[in-house]
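Counting with my numbering, you get residues 12 to 483 for the letters of the sequence shown.
Input: a single structure, listed below in structure tokens.
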Amino acid sequence: MKNLLNFSFLFYDYETFGKNPVLDKPAQFACVRTDINLKIISKPFVFYCYPSIDYFPDPEAVLITSITPQYTRIHGMNESNFSKKIYDIFIQSNTCILGFNNILFDDEITRNLFYRNFFDSYEWSWKKNNTRWDVINVIRAFYALRPEGIVWPKNKNNCVSFKLFDLVKKNKINYYSSHDALSDVYSTINLLKLVRNNNEKFFNFLFLIRKKKKLLLLINKRKMKPLIYISHYYGSKNKNIGRIFPLIFHKKNKNILIVFDLDRDYSSNFFLKNYYKFGNLNYLFSEGMRFIYLNKAPIILPTNVLRDIDISRLKLNEKRYLNNINLLKNFFNLKRRKKLSMLKFKKKKFLHSDCKLYKNFFSFKDIKKIKILRKLINLKNINNNIFIDDKRFKDLFFFFKARNYPNFLNKTEKIKWIKYLKNIFSKKNIKNYKKKIFILKEKNKNNLKKNKLLNKLLLYIKYIKNIYNNFN
12 MKNLLNFSFL FYDYETFGKN PVLDKPAQFA CVRTDINLKI ISKPFVFYCY
62 PSIDYFPDPE AVLITSITPQ YTRIHGMNES NFSKKIYDIF IQSNTCILGF
112 NNILFDDEIT RNLFYRNFFD SYEWSWKKNN TRWDVINVIR AFYALRPEGI
162 VWPKNKNNCV SFKLFDLVKK NKINYYSSHD ALSDVYSTIN LLKLVRNNNE
212 KFFNFLFLIR KKKKLLLLIN KRKMKPLIYI SHYYGSKNKN IGRIFPLIFH
262 KKNKNILIVF DLDRDYSSNF FLKNYYKFGN LNYLFSEGMR FIYLNKAPII
312 LPTNVLRDID ISRLKLNEKR YLNNINLLKN FFNLKRRKKL SMLKFKKKKF
362 LHSDCKLYKN FFSFKDIKKI KILRKLINLK NINNNIFIDD KRFKDLFFFF
412 KARNYPNFLN KTEKIKWIKY LKNIFSKKNI KNYKKKIFIL KEKNKNNLKK
462 NKLLNKLLLY IKYIKNIYNN FN
């Protein structure tokens, strides 16, 4: 660990105007870079991004973060410039990019942000020897397997809470101010320091096995042999740990490892009785099948990390576990494993181009053209003649121009944008949005701070309606 030259961790966090990483927009970004020993080696970066006028911030999100769209208008920038600043930081080589629950949320914000603004949505996390990791999963692994020396907070259900605020408060860690991106970054760094100092050997092991190549090596060495999987799927009640039986990789997506849980109560003839349902994904997921995405930095470990003391503390049923190994091994012959590998996904249909990141990858030819386009955009050369084959591009580019550089719209595009905004600013939409605000005002009528924030949102609606009317 100490001999990794030029390696760094980049801790980052977003505060957003909503909970949906595809449709909702970022409000604030913060990051801090550390060396391999978690010593801070750079100044912090904090950027704000203001939303385009076709987007209404979620009032509940504003109450949580206290960041108003007006504040981002004064202190922030448009998405095009915001995404460029983040991209330039992320592409530094030999970087492990991480946060607290970033795999499921912040990384998805990043991918969709880059997609909307013509940066590669993926290469920041693998190119130039870069990787990604997630502190919340490291914390879950420590709780399940090496919990000694850390104070574990409980929630109202008497289960361990894995909220950053609760962990930091209970362990008396500095630098915490709830729902501020930079404070969350410092809190995450200090929380990771705590667990590393508590058991450096286990921390180093988790760090080394985070890479996809290492995971593949571990899986291939133990073909048809059990492994340990740390995941929120199992829930805090089950200590976020499951023992799994790896079967096969999905034929269409080699990042997906298909496994079955080994701690479930299967009867000896369960699979034979229900084999006819093995084309139904929902049924299989409800009955112990899991898809593990190796490109999402999962924590998969060999079973020898599980000590006798852990088996006892976790109340694991060894007899059932061993029976299930034999059951799965005997039932899933090559033919049946291949049937699982051919399972078909139901493709979601999205109308708006913003939602189509995962429809398919851009071709290498288009990626090259998009990179040229982005260089031209950086030079404020917005109206270009670059032709990109991908069907998503036409709409993506239109919305990119309209939201970030409306003055560059030609006459036809301007008419299209006005027509689109007319639907956004319909009486029904405005009425429903204001209704949300007034419900929250009533709910928080004795909270002056929250009422001020909600009043600012009402003023913001007037502000963007004026922009729309002037543009019309």
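We put the CB at the ideal spot given by N, CA and C, even for glycine.
If you're wondering where the values come from, they're calculated on a predicted model, not measured in any experiment.
Q) Hey, Lys36 and Tyr59: beta-carbon distance below 8 Å or not? A) Cβ distance not < 8 Å, so Lys36 and Tyr59 don't count as in contact.
Q: Tell me the start and end of each unbroken alpha helix (DSSP H) in the stretch 309-386 that is at least 4 residues and wholly inside, in chain order.
A: Qualifying alpha helix (DSSP H) stretches, in chain order: 319-324, 329-342, 345-352.
Q.
So within the stretch 36-121, which uninterrupted alpha helix (DSSP H) runs reach at least 4 residues, ignoring any that extend past its ends?
A. Correct list: 70-76, 80-86, 90-101.
**Q.** Cα-Cα separation, Phe173 to Arg318
**A.** Rounded to whole angstroms, Phe173 to Arg318 spans 23 Å at the Cα level.
Q) Secondary structure at Arg151, three-state DSSP: helix, strand or coil? A) In the three-state DSSP reduction, Arg151 falls in the helix class (H, G or I).
(Q) Only counting the same chain, and skipping five residues up and downstream in sequence, which positions put a Cβ closer than 7 Å to that of Lys225? (A) Excluding the 5 residues flanking it on each side, Lys225 has same chain C-beta neighbours closer than 7 Å at Leu219, in chain order.
Q. Looking at C-beta atoms only, is the number of pairs between the stretch 198-208 and the stretch 174-181 that lie closer than 8 Å three or more?
A. With the cut-off at 8 Å, the stretch 198-208 and the stretch 174-181 touch.
Q | Residue range of the beta strand (DSSP E) that includes Glu26 | A | Start and end: 19-27.
Q.
Just to confirm my understanding: we take Cys366, look at its own chain, exclude 5 residues before and 5 after, and list those with CB closer than 6 Å. What are they?
A. Closer than 6 Å at the Cβ level, and outside the excluded window around Cys366, lie Val33.
Q: Name the residue from Ile114, Glu71, Thr106 whose alpha carbon lies nearest to the alpha carbon of Tyr304.
A: Ranked by Cα distance from Tyr304, the options Ile114, Glu71, Thr106 are led by Ile114.
Q) Cβ atoms of Ile108 and Asn141: under 8 Å apart, would you say? A) With contacts defined as CB atoms closer than 8 Å, Asn141 and Ile108 qualify as a contacting pair.
Q: Let me know the secondary structure DSSP gives Lys402 once reduced to three states.
A: If DSSP states are grouped into helix, strand and coil, Lys402 belongs with coil.
Q: Output yes or no for whether 8 Å exceeds the beta carbon distance between Ala41 and Tyr61.
A: No, Cβ-Cβ distance for Ala41 and Tyr61 is not below 8 Å.
Q | Whole-Å CB distance - Tyr471 paired with Gln81, under 8 Å assumed | A | Beta-carbon to beta-carbon, Tyr471 and Gln81 are separated by about 6 Å, close enough to satisfy the 8 Å threshold.
Q | Residues that DSSP places opposite Pro417 in a beta bridge | A | Its beta-bridge partners do not exist; DSSP assigns none.
Q: Would you mind sorting Gly246 into buried or exposed? The rule is 16 or more other CB atoms within 10 Å of its CB.
A: Under this definition Gly246 is an exposed residue.
Q) Can you check whether the CB of Leu156 is closer than 8 Å to the CB of Val270? A) Cβ atoms of Val270 and Leu156: not closer than 8 Å.
(Q) Judging by CA-CA distance, which residue of Lys460, Phe28, Ile267 is the nearest neighbour of Phe302? (A) Comparing Cα-Cα distances from Phe302 to each of Lys460, Phe28, Ile267, the minimum goes to Ile267.
**Q.** Own chain, CB closer than 7 Å to Thr106, minus 5 neighbours either side, in chain order
**A.** Excluding its 5 nearest sequence neighbours in each direction, Thr106 has C-beta neighbours in its own chain below 7 Å: Ser19, Leu21, Asn141, listed in chain order.
Q: Mark Val162 as exposed unless 16 or more other C-beta atoms lie within 10 angstroms of its C-beta, in which case mark it buried.
A: Looking at its Cβ environment, which holds fewer than 16 other Cβ atoms inside 10 Å, Val162 is exposed.
**Q.** Every unbroken beta strand (DSSP E) within the stretch 245-306, with a cutoff of 3 residues, ordered by chain
**A.** Segments of the beta strand (DSSP E) lying fully in the stretch 245-306: 252-260, 267-272, 300-304.
(Q) If you reduce the DSSP assignment to three classes, tell me which class Trp488 lands in. (A) Given a span of 12 to 483 for the chain in the structure shown, any question on residue 488 remains unanswerable.
(Q) Could you tell me the alpha carbon to alpha carbon distance between Leu283 and Ser323, rounded to whole angstroms? (A) Taking the straight line joining both Cα atoms gives about 32 Å.
Q: Please report the residue range of the beta strand (DSSP E) in which Leu238 lies.
A: Run containing Leu238: 238-241, per the beta strand (DSSP E) assignment.
Q) Where in the stretch 171-202 do unbroken runs of the alpha helix (DSSP H), each at least 4 residues long, occur, reported from the N-terminal end onward? A) Here the runs fully enclosed are 175-181.
Q | Run of the alpha helix (DSSP H) containing Trp428, from where it starts to where it stops | A | Per DSSP, Trp428 is one residue of the alpha helix (DSSP H) stretching across 422-435.
Q.
Beta-carbon within less than 7 Å of Asn185's beta-carbon, same chain only, minus the 5 sequence neighbours each way: which residues are those?
A. Within the same chain, Cβ atoms closer than 7 Å to the Cβ of Asn185 are found at Asn201, the five residues on either side in sequence being excluded.
Q: Mind checking which residues open and close the alpha helix (DSSP H) that includes Glu211?
A: First-last of the alpha helix (DSSP H) with Glu211: 211-219.
Q. Relative to the C-alpha of Asn31, which residue among Tyr294, Ala72, Ser63, Lys50 is closest?
A. With distances taken between Cα atoms, Asn31 lies closest to Ala72.
Q) Since Lys499 is in the alpha helix (DSSP H), which residue starts that stretch and which ends it? A) No statement about residue 499 is possible, as the shown extent of the chain runs from 12 to 483 and does not include it.
Q) Over what stretch of residues does the alpha helix (DSSP H) that includes Phe482 continue unbroken? A) The continuous alpha helix (DSSP H) containing Phe482 extends over residues 459-482.
Q) Would Lys350 pass as a contact of Phe260 if the rule is Cβ separation under 8 Å? A) Their beta carbons are not under 8 Å apart, which means Lys350 does not touch Phe260 by this criterion.
Q. Quick one: what's Lys505 bridged to in DSSP?
A. This structure leaves residue 505 out entirely; the chain is present only between 12 and 483.
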